[in-house]
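*Asks:*
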Amino acid sequence: VPLYDQSLASIIAMVEVEMGRPMEVPVPKDMAGGYTHERHKENWYALYHAGMLYQITEEARYATFVRDMLLAYADLYPDLPRHPTNRSYATGKIFWQCLNDANWLVYVSQAYDNVYEWLSPEERELLESQLFRPFADFLSIENPQFFNRVHNHGTWANVAVGMIALAMEDDELLDRALYGLDPELIPAGLRDDDTGLIRGEGENAAGFYAQLDGAFSPDGYFSEGPYYLRYAIFPYLVFSQALANAKPELNILSYRDSILHKATYGLLYQADPEGQFLPINDAQKGMSWQAREVVAAVDMAYYYYESDSQLLSVAEQQGRVLLDASGFAVARDLANGFAESFEPTSRLFVDGVAGDEGGLAILRASNGEDEQSCLAVKFTAQGMGHGHFDKLSYSFYNSDGEIIQDYGAARWVNIDQKGGGRYLPENQSWAKQSIAHNTVVINENSHYGGDIRIGEQHHSELVYFDTSKPEMQVVSVLDSNAYSGYSLMRTMALVGLPQVGAPLLIDLFRVAGEAPAQFDLPLWYQGQLMETSFSYQISGGSQPVMGANHGYQHLWEEAQGIAEGDQVQLNWLGDGGFYTLTSLTEAGDELHLLRLGANDPNFNLRRDPAFMIRKSDRSEAIFLSVLEQHGSYSPVDERPRSPYGRISGLRLFHDTPDYTAFAILIGEQEVARLMFCHSSTEKSQTHTLDIDGQENSWQGPFAIHHKENESNEEQ
1 VPLYDQSLAS IIAMVEVEMG RPMEVPVPKD MAGGYTHERH KENWYALYHA
51 GMLYQITEEA RYATFVRDML LAYADLYPDL PRHPTNRSYA TGKIFWQCLN
101 DANWLVYVSQ AYDNVYEWLS PEERELLESQ LFRPFADFLS IENPQFFNRV
151 HNHGTWANVA VGMIALAMED DELLDRALYG LDPELIPAGL RDDDTGLIRG
201 EGENAAGFYA QLDGAFSPDG YFSEGPYYLR YAIFPYLVFS QALANAKPEL
251 NILSYRDSIL HKATYGLLYQ ADPEGQFLPI NDAQKGMSWQ AREVVAAVDM
301 AYYYYESDSQ LLSVAEQQGR VLLDASGFAV ARDLANGFAE SFEPTSRLFV
351 DGVAGDEGGL AILRASNGED EQSCLAVKFT AQGMGHGHFD KLSYSFYNSD
401 GEIIQDYGAA RWVNIDQKGG GRYLPENQSW AKQSIAHNTV VINENSHYGG
451 DIRIGEQHHS ELVYFDTSKP EMQVVSVLDS NAYSGYSLMR TMALVGLPQV
501 GAPLLIDLFR VAGEAPAQFD LPLWYQGQLM ETSFSYQISG GSQPVMGANH
551 GYQHLWEEAQ GIAEGDQVQL NWLGDGGFYT LTSLTEAGDE LHLLRLGAND
601 PNFNLRRDPA FMIRKSDRSE AIFLSVLEQH GSYSPVDERP RSPYGRISGL
651 RLFHDTPDYT AFAILIGEQE VARLMFCHSS TEKSQTHTLD IDGQENSWQG
701 PFAIHHKENE SNEEQ
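Under the numbering used here, the first residue of the sequence shown carries the number 1, and numbering increases by one thereafter.
Here it is, written out as structure tokens:
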């Protein structure tokens, strides 16, 4: 079983290095990325894997290594105060936050379990009385705001206590892990029911069951987004695996219609064509299928649920497996040639416990030759503390990478120089603000005023999602709460035309309100600007800042133009290809070329470019754009191929609250006419618009009429 053998050899080599060096269990003092923090992390991985190797090889030296290091921690822990940094709402002991302490115990409890029977009764008693039980009480009784929280932090806390409870066969601790901390155990000074984090009345108000009930939608979408599900999926599954072994009567793997199975597949689908997770909410870019937690999730999903041969191809890309029965099964079936290609398709994920709090729409279309376009439209609920103020935002990818970006988080994870690896102040002042995303901002104020307490009360709504016609896949979403007195409606589509190569991205954003206002729509494109169809004035040596707050204080204005006609074009070179944006305008619209980085004294922000259209003194507005992917550039032969797009313009025929109709032009020729109904989603309803004296009829909320050969495709 080659992949299992390779994985085993790699782990042996890693553990041998750790066993060959002096054992270090230092007194904690550093933030994330600092020496003591990283040393204790390396220790938990070494313990975890050494315990596995003892089970596999039965070599006592691995068990000896685990015992000796655990005894060193048992010697350190009883007199250990809280971490000296004191910079978390739940400060840990070994680490700066309880979250990392819980990480440590999840992994180390498995190491303890693997050597449990090898240890003497006296050693077990010492470890449990001086290390493990005090550790479990610290994470729970002494930090109820952490332990009883429905959040990825609470998940790790519940699982840490639950895993060590199973290893020690402690039913009281296990009950605490499954159902939450009994309020009677919470010290009086730590009771704060107003926070909403402490266990309330009713069944499953806290604990592991509450995590399964409260953090997922019915189809497995995780409220904090895919980046944090990647992190949390490991404790969810490893504890469920342990419960399946030790408490099969709970049938935990089938709980809530096998919600963890759905969550694992959802996680794999919420990635771009390169397998990198969509960086929505507080997410660090680059996190992908290669993460160790996802390796575990794929193996366990394959073994404990249906043996889907498509998962084998994901495991093959990951190039490693767990050293348990699930990893062995994956490696064995890969060796037997059972793998089938994993091919994500367009998907709608609903948000909220009942699935009625918005969602995430992902449209995928082929670019040809095994390449893909991927559009992600975000209309979710707030996303707990990790959510951003970006209603109806989108990001766009192809097989070359990011084209239109979501910024993700302002954080350098585990890099000590950048705030000890914590979220930086700019995460609040920039990354979470609406202008940091590709969505409309009114009067330079973020959605909900940038107030999470208001944001948590509302969500966007799905109007319709239709992928039945590969030539034209459409999603339409609505938000009436981001701004008082204004409604935002966005309809986006991937459209294939025979006259162009890759799918076109259609973006139709309508804003309507009670009073005139300023509407800004930024486009955070990735690449180097090539040319524009409009004239602009460079800002010069002293670049102005776009505003005072809500993220505008971080924007330099590099250049400004004024729309003189009914459309503008922007052309840039990204990784591997050229892109041309064609946008409708009205005379007087402001056109801004922006650069991120103002008021950033510590250089915590990327210097990304943006193009923004501003419409002022309007109570209603339409933003309509088409993005074309075309051509390539090779730095080796220095030859551009198709650097200019074929789309020459757009022609708006009709725009009312009920209907929008427009044409796409190549040269002077109208090649396609697109029509949308905003007031009805019934597929059987017939609509008719008079355009230039000609009746255009179709059924359903949208249609595309091809003009070159007069053939129709309707939906």
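Note that beta-carbon positions come from the ideal geometry of N, C-alpha and C, so glycine has one too.
May I ask you to report which of helix, strand or coil DSSP gives E201?
*Replies:* Confidence at E201 is low in this model, with a pLDDT of 41, below 50, so the placement of that residue is unreliable and no value is reported for it.
*Asks:* Specify the secondary structure class of A339 as computed by DSSP and reduced to three states.
*Replies:* Of the three classes helix, strand and coil, the one that applies to A339 here is coil, per DSSP.
*Asks:* At the level of alpha carbons, what is the spacing between S399 and G576?
*Replies:* C-alpha separation (whole angstroms): 9 Å.
*Asks:* Confirm, please, whether the CB-CB distance from D600 to H554 is below 8 Å.
*Replies:* Their beta carbons are under 8 Å apart, which means H554 touches D600 by this criterion.
*Asks:* Report yes if the C-beta distance between E323 and R256 is below 8 Å; otherwise report no.
*Replies:* Contrary to the premise, residue 323 reads as Leu rather than Glu in this sequence. Not a contact, by the Cβ cut-off of 8 Å.
*Asks:* Using the beta-carbon count (16 or more within 10 Å), is P81 buried or exposed?
*Replies:* Result: exposed.
*Asks:* By how many angstroms is the C-alpha of S484 removed from the C-alpha of E201?
*Replies:* Model confidence at E201 stands at a pLDDT of 41, short of 50, so the residue's coordinates are unreliable and nothing is read from them.
*Asks:* Measuring straight from C-alpha to C-alpha, what distance separates V636 and E670?
*Replies:* Their Cα atoms are separated by approximately 37 Å.
*Asks:* Just reading off the beta strand (DSSP E) that H592 is part of, what are its end residues?
*Replies:* Where H592 is concerned, the enclosing beta strand (DSSP E) stretches over E590 to L596.
*Asks:* Of the choices S697, L185, A136 and N152, whose alpha-carbon is the least far from that of D170?
*Replies:* Of S697, L185, A136 and N152, the residue nearest in Cα terms is A136.
*Asks:* Please list the terminal residues of the continuous alpha helix (DSSP H) segment that includes T155.
*Replies:* Segment N152 to M168, the alpha helix (DSSP H) holding T155.
*Asks:* For R716 versus A663, is the C-beta distance shorter than 8 Å?
*Replies:* Any answer about residue 716 is impossible in this case: the structure gives the chain only from 1 up to 715.
*Asks:* Could you round the C-beta distance between A331 and V1 to whole angstroms and report it? I think they count as a contact, below 8 Å.
*Replies:* About 5 Å; that satisfies the 8 Å criterion.
*Asks:* Closest to F342 by C-alpha separation, out of E184, L312, A206 and D5, would be which residue?
*Replies:* Among E184, L312, A206 and D5, the Cα nearest to that of F342 is on L312.
*Asks:* What is the DSSP secondary structure of P609, reduced to helix, strand or coil?
*Replies:* Strand.
*Asks:* Output the boundary residues of the beta strand (DSSP E) element that contains V17.
*Replies:* First-last for V17: P2 to M19, but that is the alpha helix (DSSP H), not the beta strand (DSSP E).
*Asks:* Does the distance from the C-beta atom of Y112 to that of L70 stay below 8 Å?
*Replies:* Yes, the pair counts as a contact, with Cβ atoms nearer than the cut-off.
*Asks:* Pop quiz: H437 and D390 are said to be a contact at Cβ under 8 Å. What is the actual Cβ separation, rounded to whole angstroms?
*Replies:* Rounded, the Cβ-Cβ distance is 4 Å, consistent with contact.
*Asks:* Thinking just about the alpha-carbon of each residue, which of H654, I666 and G667 is nearest to the one in T688?
*Replies:* Among H654, I666 and G667, the Cα nearest to that of T688 belongs to H654.
*Asks:* Relative to the C-alpha of E33, which candidate in G266, L424, Q310 and V413 has its C-alpha closest?
*Replies:* Note on identity: in this sequence residue 33 is Gly, with Glu being the wrong assignment. Checked all of G266, L424, Q310 and V413; the closest Cα to G33 is V413.
*Asks:* Taking the alpha-carbon of A329 as reference, which of P640, D299, G358 and I56 has the nearest alpha-carbon?
*Replies:* That would be D299, whose Cα lies nearest to the Cα of A329.
*Asks:* Alpha carbon to alpha carbon, how far is L494 from Q55? Give it in angstroms, no decimals.
*Replies:* Spanning the two alpha carbons is a distance of roughly 52 Å.
*Asks:* Mind reading off the beta-carbon distance from A90 to F146? Whole number of angstroms is fine, and I expect it under 8 Å.
*Replies:* Contact holds; Cβ gap of about 4 Å.
*Asks:* So, helix, strand or coil for V495, using DSSP?
*Replies:* Three-state result, V495: strand.
*Asks:* With distances taken from CA atoms, which of A244, I280 and G180 is nearest Y221?
*Replies:* Comparing Cα-Cα distances from Y221 to each of A244, I280 and G180, the minimum goes to I280.
*Asks:* On the three-state DSSP scale, how would you describe I704?
*Replies:* Three-state result, I704: strand.
*Asks:* W556 bridges to which residues according to DSSP?
*Replies:* Partner(s): V545 and R595.
*Asks:* Check for me: the beta strand (DSSP E) holding N522 runs from which residue to which?
*Replies:* Per the sequence presented here, residue 522 reads as Pro, with Asn not at that position. Segment L504 to L523, the beta strand (DSSP E) holding P522.
*Asks:* Quick one, which of F676, H678, P701 and D690 has its alpha-carbon nearest S684's?
*Replies:* Ranking F676, H678, P701 and D690 by Cα distance to S684 puts P701 first.
*Asks:* Within the continuous alpha helix (DSSP H) that includes G368, where are the two ends?
*Replies:* Note, G368: premise wrong, no alpha helix (DSSP H); beta strand (DSSP E) at G359 to G368.
*Asks:* Would E16 be called buried (16 or more neighbouring beta carbons within 10 Å of its own) or exposed?
*Replies:* It is exposed - the Cβ of E16 has fewer than 16 other Cβ atoms within 10 Å.
*Asks:* Under 8 Å, with one C-beta from each stretch per pair, do the region 619-633 and the region 447-458 reach the 3-pair mark?
*Replies:* The answer is no - the region 447-458 does not touch the region 619-633, with fewer than three Cβ pairs under 8 Å.
*Asks:* Is S7 closer than 8 Å to R320 when the C-beta atoms are compared?
*Replies:* Yes.
*Asks:* Over the uninterrupted alpha helix (DSSP H) stretch that includes T57, give me the two end residues.
*Replies:* Taken as a continuous stretch (DSSP letters only), the alpha helix (DSSP H) holding T57 covers Y35 to T57.
*Asks:* In whole angstroms, what is the alpha-carbon distance linking A244 and I622?
*Replies:* The straight-line gap from Cα to Cα measures roughly 54 Å.
*Asks:* Going by DSSP, which residues form a beta bridge with E695?
*Replies:* Note: E695 sits in a beta bridge opposite D690.
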